[in-house]
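Worksheet: one structure, shown below.
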Amino acid sequence: MNIIFWIIVGIIAGWLAEKIMGRNHGLLTNLIVGIVGAVIGGFIANALGFAWGGWIGSTIVATLGAIILLFLLGLVKRR
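Counting from 1, position 38 in the sequence shown corresponds to residue 417 in this note's numbering; the numbering is continuous, with no gaps.
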């Protein structure tokens, strides 16, 4: 059940980040961006002392991480 949770949260977070950042990716890319964003967001949230759990908290943290990932990838792509 845990892997299904991360896949669903990853897809949602990747899709939300895509819409916020004005990008256009497919489902698989959204999943990858969302899962990597969850790792980034989780690392930052833990470093700042936040403990967000559940569907909503995990989705928010993953989305923020995915936005950071897309922003950084955009900076690298410009160079």
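All residues carry an ideal CB built from backbone N, CA and C; glycine is no exception.
These numbers were taken from a predicted model, which means no experiment stands behind them.
{"Query": "Can you find the residues in the same chain that come closer than 7 Å, C-beta to C-beta, to Ile414, ignoring five residues on each side of it along the sequence?", "Result": "Trp385 and Gly389"}
{"Query": "Comparing alpha-carbon positions, which option in Asn381, Val412 and His404 lies nearest Ile446?", "Result": "Val412"}
{"Query": "Can you give me the start and stop residues for the alpha helix (DSSP H) that Phe429 sits inside?", "Result": "Looking at the DSSP string, Phe429 is not in any alpha helix (DSSP H), and its letter there is neither H nor E."}
{"Query": "To the nearest angstrom, how far is the alpha carbon of Val418 from that of Ala441?", "Result": "7 Å"}
{"Query": "Here's the rule I'm using: 16 or more other beta-carbon atoms within 10 Å means buried, otherwise exposed. How should Ala448 be labelled?", "Result": "The identity of residue 448 in the sequence shown is Leu, whereas the question assumes Ala. Leu448 is buried by the Cβ-count criterion."}
{"Query": "Based on Cα-Cα distance, which residue from Gly444, Leu410, Ala430 and Gly420 lies nearest to Ile383?", "Result": "Leu410"}
{"Query": "Tell me the DSSP secondary structure of Gly401 in three-state form.", "Result": "coil"}
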